[in-house]
Amino acid sequence: MSDKQLAVGAWEALFRAQVTVMRELTACFPSGDISFNEYDVLFNLSNQPERRARIKDLTRHLLLTQPSISRLVDRLAAKDIIEKSSDPNDGRGIVVAMTEHGAEVFRTTAVSHADAITRRVGSSLDADELRLLIDLCTKLRLGRDTGPAEPRSATESASQPVGASAS
1 MSDKQLAVGA WEALFRAQVT VMRELTACFP SGDISFNEYD VLFNLSNQPE RRARIKDLTR
61 HLLLTQPSIS RLVDRLAAKD IIEKSSDPND GRGIVVAMTE HGAEVFRTTA VSHADAITRR
121 VGSSLDADEL RLLIDLCTKL RLGRDTGPAE PRSATESASQ PVGASAS
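Residue numbers for the sequence shown follow my numbering, beginning at 1 and rising by one.
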């Protein structure tokens with residue numbers, strides 16, 4: 001098999017695995033308070049200092065367009081899960097921050113979602129394979145050779161007190 005065929009085959013396998021797992025996780029998502037996409041906004045906010053970020057910065061981490069993110073943010077603000085304010089450094093920009101209520105909704109959802117991830121992904125791969133998968137995906141994401149990754153999981157984000165930063 002040529003290098004090109006190997007690369008395309010690897011991409012195809014990765015893509016199909018991601019689609020399959022995401023469909024399964026979306027189907028069993030604990031959707032009581034927030035949608036899967038709203039959870040993604042909160043997950044990304046949970047990884048920011050003071051659980052606060054500009055919408056423009058969130059756009060870089062989400063697989064949604066800025067208008068879609070703006071609508072999600074409006075829905076989350078209406079539920080008192082996040083609060084919006086003007087960016088003091090950019091009059092046109094908006095900063096969003098997770099509220100205390102939002103942090104609780106995120107924690108509760110993150111624990112259930114992490115359990116579903118563990119059942120689906122953790123039951124398919126052993127510990128060594130999971131570590132290898134993390135390293136390979138990190139290497140692909142960064143586009144260069146990297147050492148072992150130390151990703152911050154949903155449960156680590158959820159268990160951390162509001163305002164605490166990851167170490």
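Cβ atoms here follow ideal geometry from the backbone N, Cα and C, with glycine treated the same way. These numbers were taken from a predicted model, which means no experiment stands behind them.
query: Outcome for threonine 109 when other beta-carbon atoms lying within 10 angstroms are tallied against a minimum of 16; result: buried
query: Reference glycine 93; option with closest CA among Phe43, Arg131, Thr59, Met1; result: Thr59
query: First and last residue of the uninterrupted beta strand (DSSP E) at aspartate 115; result: Element bounds for aspartate 115: not the beta strand (DSSP E) but the alpha helix (DSSP H), 100-117.
query: The stretch 5-20 contacting the stretch 38-55, beta-carbon criterion three pairs below 8 Å; result: no
query: Contacts around glycine 122, its chain only, beta-carbon distance under 8 Å, and the 5 residues preceding and following it disregarded; result: Leu130
query: Simplified DSSP assignment, three categories, for proline 161; result: Unreliable placement is indicated for proline 161, whose pLDDT of 37 sits below 50; the coordinate value is still reported in the next sentence. Three-state result, proline 161: coil.
query: Which of helix, strand or coil DSSP assigns to leucine 90; result: One detail in the question is off: residue 90 reads as aspartate in this sequence, not leucine. Strand.
query: Euclidean distance between Cα positions of alanine 103 and glutamine 5; result: 45 Å
query: Secondary structure of arginine 75, DSSP reduced to three states; result: helix
query: Exposure label - asparagine 44; buried when at least 16 CB within 10 Å; result: buried
query: With 16 other Cβ atoms within 10 Å as the buried cut-off, status of histidine 169; result: No information on residue 169 is available, as it lies outside the stretch 1 to 167 that the chain covers here.
query: contact_flag[the stretch 33-48, the stretch 62-79] where n(CB pairs < 8 Å) is 3 or more; result: yes
query: Burial state of serine 85 (16 or more Cβ within 10 Å); result: exposed
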